[in-house]
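Number of protein chains: 2
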Amino acid sequence: MLSLTPQPLSVGETAYRRIRADIIFGRLAPGQKLKLDILRERYEASVSTLRELLSRLASEGLIEAEGQKGFVVTPVSATNLREIAAMRLLLEGHALAQSFAAGDMEWEGRVVAAHHKLALMERRMLARDRDDPELWKRYDWEFHHALISACGSQVLLETHGAIYDKYLRYQMVAVVFRGEIAAEEHEALLDCALRRDTKGAVTVLTRHVDGCVEHTLAGELLA
Amino acid sequence: MLSLTPQPLSVGETAYRRIRADIIFGRLAPGQKLKLDILRERYEASVSTLRELLSRLASEGLIEAEGQKGFVVTPVSATNLREIAAMRLLLEGHALAQSFAAGDMEWEGRVVAAHHKLALMERRMLARDRDDPELWKRYDWEFHHALISACGSQVLLETHGAIYDKYLRYQMVAVVFRGEIAAEEHEALLDCALRRDTKGAVTVLTRHVDGCVEHTLAGELLA
DNA sequence: CCATATGGCAAAATCGAAAATCTCATGTGA
DNA sequence: TCACATGAGATTTTCGATTTTGCCATATGG
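From first to last, the protein sequence lines are chains A and B.
Just so we're aligned: the first sequence equals residues 24 to 246 in the numbering used here.
Just so we're aligned: the second sequence equals residues 24 to 246 in the numbering used here.
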């Protein structure tokens, strides 16, 4: 009888995920002070447990822990966004090349499946207006992750994941949806993957990320 | 009157640094179980404070936090070492190119100064036998960091720093000192830097890191 | 003999209170 | 008026106790 451990989530782990999502999806604003007492009631955990989470988020870079003056949601800046984007391109571009070289049929299957879900979601987003950003972004992540999943380095995948989340926050804070353009680029990436065209994929990816950065910076209050 | 806040280190911060150093320099062995009660007396901090540190170290990747079964010093493996090394090469190589392109005289000064200290230290290490590994490694870090310090991306520097520390642990656990070879490679790197020879520097760096990896794997119990 | 249940011990996770620290408004003297 | 001390209140940091969970030896039933 398999039971699959549905929710053996500890208090800490639950609160951690909620806070993390709240930061990435902008419900906790950049620069916002995080007072323990307020978090305590909002996330239903004691200060000790909270400090543990906040410390984790701090070393992930989503929160800053200044001296003994408490915690703050990491502020955003145009410079930081560009650096994050450049880092994502460096890591994802490299991983893409490795993955294309090593990917087997199993990998192709994952890529095609992930793209299918993403494409469906993007069509829905275009039809109705902004359906479910959280789910959409998950599919976006799953597609990009599938593309590089055969790169052969756990370390590379983890580092990329950390950077991707920080990048994602900028997208969500700015609530960007580039619709058709992004969808076309995703399809181009899929084509490149199936043809193992590394150079083409990196080119598309660069346009994909850079385009998104400019689009984000355009309509926003980032200096 | 400047006072420069000499040691306003909190209990937590002090313990954090000690544990971190103990892991990197092998005084806490890979795979070792970290029981709260034992750590409590060894590092003179309460469980809550300790958990906070351990969580930080866990998200840095130096410790693993399995379910609700406590903490373990991240185990080592040949595969992981190779992945870490490849990641270091990717990041440091890229940063090197950026830094060479943008470095001004101020940067050159930092590089020359850092190399001078390192070279001196390496000469002492060759004369007497293993003088002070901790200090030596700090100078090694300072030199490599100086080389890439003009790369222009804070994000890149931080990510590189995190990877460098994990790489360092392998070196220290294996207590590697390649002496003359490493010293020559450091000098070659300095030459490349002053000539802004990116290609040459990346070649030397690759040999530097790969050589060290093989040397580490050779004499060790890593599968 | 194997599988599963039970109980007791060790360890981790969580909590709220106590101590340390910071913030900021007010007061004092030059 | 300005520089600097003072102290109350708010906030963070640290602690030890309590609750929860995991682990393992033993017992029980098939």
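By construction, the Cβ of each residue, glycine as well, lies at the ideal position given by its N, Cα and C atoms.
Close beta carbons around ASP188 (chain A), own chain, < 7 angstroms, minus the five adjacent residues each side:
ILE47
According to DSSP, what are the bridge partners of GLU87 (chain A)?
A:VAL95
Identify whether LEU32 (chain B) lies in helix, strand or coil by the three-state DSSP scheme.
coil
Just to confirm my understanding: we take VAL196 (chain A), look at its own chain, exclude 5 residues before and 5 after, and list those with CB closer than 6 angstroms. What are they?
GLY49
Nearest to HIS168 (chain A) by alpha carbon, out of A:GLY234, A:GLU145 and A:ALA136?
A:ALA136
Output, in chain order, the set of chain A residues within a Cβ distance shorter than 8 angstroms of THR182 (chain B).
MET110, THR182 and ILE186
Considering only C-alpha positions, which residue in the set B:GLU131, B:GLY54 and B:LYS92 is nearest to ALA216 (chain B)?
B:GLU131
In three-state terms, what does DSSP make of LEU119 (chain A)?
helix
Under 8 angstroms between beta-carbons, which chain B residues line up against GLU83 (chain A)? List them in chain order, please.
SER82
At a CB-CB cut-off below 8 angstroms, which residues of chain A make contact with GLN91 (chain B)?
SER33
Is there a C-beta anywhere in chain B that falls below 8 angstroms from the one on LEU272 (chain A)?
Any question about residue 272 (chain A) goes unanswered here, given that chain A covers just 24 to 246.
Nearest-angstrom Cβ-Cβ length linking GLY116 (chain B) and VAL225 (chain B), presumed shorter than 8 angstroms
5 angstroms
Starting from PHE166 (chain B), trace the alpha helix (DSSP H) both ways and give me its first and last residue.
156-171
Could you check the C-alpha separation between PRO98 (chain A) and LEU113 (chain B) for me, to the nearest Å?
28 angstroms
Could you tell me which chain A residues have their CB closer than 7 angstroms to the CB of ARG74 (chain B), listed as they occur along the chain?
GLU75
Distance cutoff 8 angstroms, beta carbons only. Does HIS231 (chain B) sit that close to anything in chain A?
no
Within its chain, find whatever has a CB closer than 6 angstroms to the CB of VAL68 (chain B); leave out the 5 residues flanking it on each side and keep chain order.
Contrary to the premise, residue 68 (chain B) reads as Ala rather than Val in this sequence. Correct list, in chain order: VAL34 and ALA38.
Separation of GLU210 (chain A) from LEU57 (chain A), as counted between CA atoms:
41 angstroms
What do you get for MET128 (chain A), buried or exposed, if any count of 16 or more other CB atoms within 10 angstroms of its CB means buried?
exposed
State buried or exposed for GLY126 (chain B), treating a residue as buried only when at least 16 other CB atoms are found within 10 Å of its CB.
buried
Beta-carbon separation of ILE42 (chain A) and LEU76 (chain A) under 8 angstroms?
yes
What residue from B:PHE94, B:LEU143 and B:ALA120 has the CA that sits closest to GLY202 (chain B)'s CA?
B:LEU143
Excluding the 5 residues flanking VAL232 (chain B) on each side, which residues of the same chain have their C-beta closer than 7 angstroms to its C-beta?
ALA108, ARG111 and LEU112
Give me whichever residues DSSP pairs with LEU57 (chain B) in a beta bridge.
B:PHE94
Rounded separation between HIS139 (chain B) and GLU83 (chain A) - CA only:
34 angstroms
Report buried or exposed for GLU237 (chain A), applying the criterion of at least 16 other Cβ atoms within 10 angstroms of its Cβ.
exposed
Comparing C-alpha positions only, which one of A:LEU80, A:GLY90, A:LEU212 and A:GLY184 sits nearest to ARG161 (chain A)?
A:GLY184
ALA185 (chain B) - containing alpha helix (DSSP H), residue span
177-196
For LEU191 (chain B), which of B:SER122, B:LEU158 and B:GLU208 has the nearest alpha-carbon?
B:LEU158
Using a 10 Å radius around the Cβ and a threshold of 16 neighbouring Cβ atoms, would you call ALA81 (chain B) buried or exposed?
buried
Chain A contact for HIS117 (chain B) (CB, 8 angstroms cutoff):
yes
Residue nearest to ALA118 (chain B) in terms of C-alpha spacing, selected from B:GLU181, B:SER71 and B:LEU141
B:GLU181
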